[in-house]
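All residue numbers for the sequence shown refer to our numbering, where the first residue is 184 and numbers rise by one.
Notes to accompany the following structure.
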Amino acid sequence: MSECATGELTAMFRRLIRETGPISLLQFMGESNARYYTSRDPLGSAGDFITAPEISQMFGELVGLWLADLWSQMGSPERVLYVELGPGRGTLAADALRTVARFGLKPEVHFVEGSESLRAIQRGAVPGVTHYDDLSSLPDDAPILLVANEFFDALPIRQLLRTPGGWRERMVGLEGDDLVFVAGDKPMDAAVPEQWRGADEGTSIETCPAAASVMAEIAERLASKGGAALVVDYGAARLSPGSTLQAIRSHQKVDVFASPGEADLTAHVDFGQLSETAAQHGANLMGLTTQGQWLSALGIDARLEALQRQSPDNAAKLQRQRDRLVQPEQMGELFKVMGLSGGGWPKRGAGFVSQG
Ligand code: SAH
């Protein structure tokens, strides 16, 4: 979409703020990302950022192996749904589905995707896919195998700040024509998770109400219909205080207010919060580990060797791709993998050392 459209979104925010006062970061991030994802294909070297499945086919293949293993342990039930949240270009799904097919698993494919332009690309990658705006309208008569890679980080967050007068929300206001952060004037203590309520003045934290509600829905479905879920994203088992909000455009960090709708706005995922929500809604936590550890445990090095044997000319390139996914200073440590199951499906999943 053109710069003119960015201008339109900025103008819309200015008008709104002038009319109604500062708006929540939730609203700013939600509307900016909705515009951003609908207007383009953001992935890949020509886009703004690159994700694990776009780096290497090994990623989706190992996700497929993980799913096929659990499905086989359940006696290979005939009807099962492959569900992916925010599938991007559909690359992960294509790689995973090709892998599970080798085990005889040919699930119905259901994608939750907000962007019309990405839906079109996904239909090319995975013919026959059905699209949804959210999880609520999925068929509910079968177990699910759910995958979400870099989906939760794109969901809108709230930032809360402990002021002398109590907790306040960090809002988006105007200084002249410029969008700026301002402190809200409404008490927000009720939106602060229990463990942060007594934090020192000056502490700021982030919450993601949308992530909690999506996770609650996943967990309830796992508990009632059975299945397993794999959530991969950058974040931590316990988020430290402070802002993790960032805007990425053309592989560079930019100011979050510079070009709403033209940059990808993301925040770190609070896996501690997600696992608590999952447990409260009846899912079993298989574990939380780093992407590097998980891919190694799933056998990425054996897969690398096989691919290198098939294509010796690409050996060095394949090695670099593997390193990018696994090395701690690259994606290996910052990215986490969380496994969940429910409804009588195995409590343990490959790659997770500990049980929740
Ligand atoms: N999983 C893909 C793409 C990650 S980018 C990959 O790993 O390559 C984030 C994806 O989530 C995009 O497909 C985007 O359109 C989708 N998305 C972001 N917010 C969404 C929302 N609120 N509802 C549905 N899809 C959303």
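Even glycine gets a Cβ: it sits at the ideal position worked out from N, Cα and C.
Computed from a predicted model, the values in this text were never measured in an experiment.
### Message
According to DSSP, is G247 part of a helix, a strand, or is it coil?
### Response
Per DSSP, reduced to three states, the secondary structure at G247 is helical.
### Query
In its own chain, which residues sit with a C-beta less than 8 Å from the C-beta of S185, not counting the 5 before and 5 after it?
Residue placement at S185 is flagged as unreliable, the pLDDT there being 45, under the threshold of 50; the coordinate-derived value follows with that caveat. Hits under 8 Å: none found.
### Query
Cβ atoms of T221 and P443: under 7 Å apart, would you say?
Annotated as distal: P443 and T221, with beta-carbon spacing of 7 Å or more.
### Task
May I ask you to check if the CB of L301 is nearer than 6 Å to at least one heavy atom of ligand 1?
Checking every heavy atom of ligand 1 against the Cβ of L301, one is found closer than 6 Å.
### the segment 233 to 246 contacting the segment 256 to 276, beta-carbon criterion three pairs below 8 Å
Taking one beta carbon from each stretch, the segment 233 to 246 and the segment 256 to 276 have 3 or more pairs nearer than 8 Å; the two touch.
### Query
Pairing CB atoms from the segment 323 to 342 with CB atoms from the segment 250 to 262, are three or more of them under 8 Å?
The segment 323 to 342 vs the segment 250 to 262: in contact.
### Query
Anyone know if the C-beta pair for G356 and P205 falls short of 7 Å?
Taking 7 Å as the Cβ cut-off, G356 and P205 qualify as a contacting pair.
#### Entry: Helix, strand or coil at E186 according to DSSP, with G and I counted as helix
Note that E186 has pLDDT 46, beneath the 50 cutoff, so the model's placement of it is unreliable and the number below is only indicative. Correct three-state label for E186: helix.
### Query
From which residue to which residue does the alpha helix (DSSP H) around Q429 run?
That residue, Q429, is in no alpha helix (DSSP H); its beta strand (DSSP E) goes 429 to 432.
### Query
Since P339 and G213 are thought to touch, with beta carbons under 8 Å apart, how far apart are those beta carbons, to the nearest angstrom?
About 4 Å; that satisfies the 8 Å criterion.
### Task
Classify S222 as helix, strand or coil using the three-state DSSP reduction.
The answer is coil: DSSP assigns S222 none of H, G, I, E or B.
### Task
Answer yes or no: do G525 and L405 have a C-beta to C-beta separation smaller than 7 Å?
Their beta carbons are under 7 Å apart, which means G525 touches L405 by this criterion.
### Message
Just verifying my parser: in three-state terms, what is the DSSP assignment at T473?
### Response
T473 carries a strand assignment under DSSP once its states are collapsed to helix, strand and coil.
### Classification of A466 by the beta-carbon crowding that lies within 10 angstroms, buried from 16 upward
That one is buried.
### Message
Please tell me whether F334 and G247 are closer than 7 Å, where the distance is taken between their beta carbons.
### Response
Not a contact, by the Cβ cut-off of 7 Å.
### Task
Please name the residue, chosen from G311, L487, V283, that lies closest to H293 on a Cα-to-Cα basis.
Residue G311 is the option with its Cα nearest to H293.
### Residue range of the alpha helix (DSSP H) that includes S396
That run of the alpha helix (DSSP H) goes 392 to 408.
### Task
Using the DSSP secondary-structure output, state which residues sit across from S387 in a beta bridge.
DSSP lists L344 as partners of S387.
### Task
Check whether the Cβ of S239 sits closer than 6 Å to any heavy atom of ligand 1, and report yes or no.
Every heavy atom of ligand 1 is 6 Å or more from the Cβ of S239, so no.
### Query
Should the segment 407 to 422 be regarded as contacting the segment 338 to 353, the criterion being three or more beta carbon pairs within less than 8 Å?
With a cut-off of 8 Å, the segment 338 to 353 and the segment 407 to 422 do not count as touching, because too few Cβ pairs lie within range.
### Secondary structure of S215, DSSP reduced to three states
The answer is helix: DSSP assigns S215 an H, G or I state.
### With 16 other Cβ atoms within 10 Å as the buried cut-off, status of Q538
At Q538 the pLDDT is 47, less than 50, meaning the model places this residue with poor confidence; the figure from the coordinates comes in the next sentence. The residue is exposed, with fewer than 16 neighbouring Cβ atoms inside 10 Å.
### Message
Going by DSSP, what residue range makes up the alpha helix (DSSP H) through L490?
### Response
For L490, the uninterrupted alpha helix (DSSP H) run begins and ends at 483 to 493, by DSSP.
### Message
I want to check one thing, is the minimum distance from the CB of T472 to the heavy atoms of ligand 1 below 6 Å?
### Response
Flag unset: Cβ of T472 not near ligand 1.
### Message
Report the CB separation of V375 from F518 in whole angstroms; it is logged as a contact under 8 Å.
### Response
A Cβ-Cβ distance of about 27 Å is found for the pair V375 and F518, leaving them out of contact under the 8 Å criterion.
### Backbone secondary structure at K500 - three-state DSSP
Here K500 sits in helix by DSSP.
#### Entry: Check: A308 C-beta below 6 Å from any heavy atom of ligand 1
The answer is no for A308.
### Message
Our contact map puts R380 next to D368 with C-beta atoms below 8 Å; I'd like the distance itself, whole angstroms only.
### Response
That pair is no contact at about 20 Å.
### Query
Helix, strand or coil for M371 per DSSP?
In the structure shown, M371 falls within a coil segment according to DSSP collapsed to helix, strand and coil.
### Message
My output table needs one value for G539: the three-state DSSP class, helix, strand or coil.
### Response
Interpretation of G539 is limited by its pLDDT of 41, a score under 50 that renders its predicted location unreliable; no figure is taken from the coordinates.
### Query
Can we say the segment 224 to 233 touches the segment 481 to 500, given the rule of at least three CB pairs closer than 8 Å?
No, the segment 224 to 233 does not touch the segment 481 to 500.
### Message
Please identify the residue among L523, R223, A394, R486 whose C-alpha is closest to the C-alpha of I304.
### Response
A check of alpha carbon separations from I304 across L523, R223, A394, R486 identifies R223 as the nearest.
### Query
So what does DSSP say about M257, is it helix, strand or coil?
Taken through DSSP and simplified to helix, strand or coil, M257 comes out as coil.
### Query
Roughly how many angstroms separate the alpha carbons of E445 and R218, rounded to a whole number?
When only Cα atoms are considered, E445 and R218 end up about 8 Å apart.
### Query
By the 10 Å Cβ neighbour count, where 16 or more other Cβ atoms means buried, how is A251 classified, buried or exposed?
Burial call: buried.
### Message
Let me check understanding here. Comparing Cα to Cα, which of P236, E516, R503, S396 lies closest to L318?
### Response
When P236, E516, R503, S396 are compared, the shortest CA-CA separation from L318 is found for S396.
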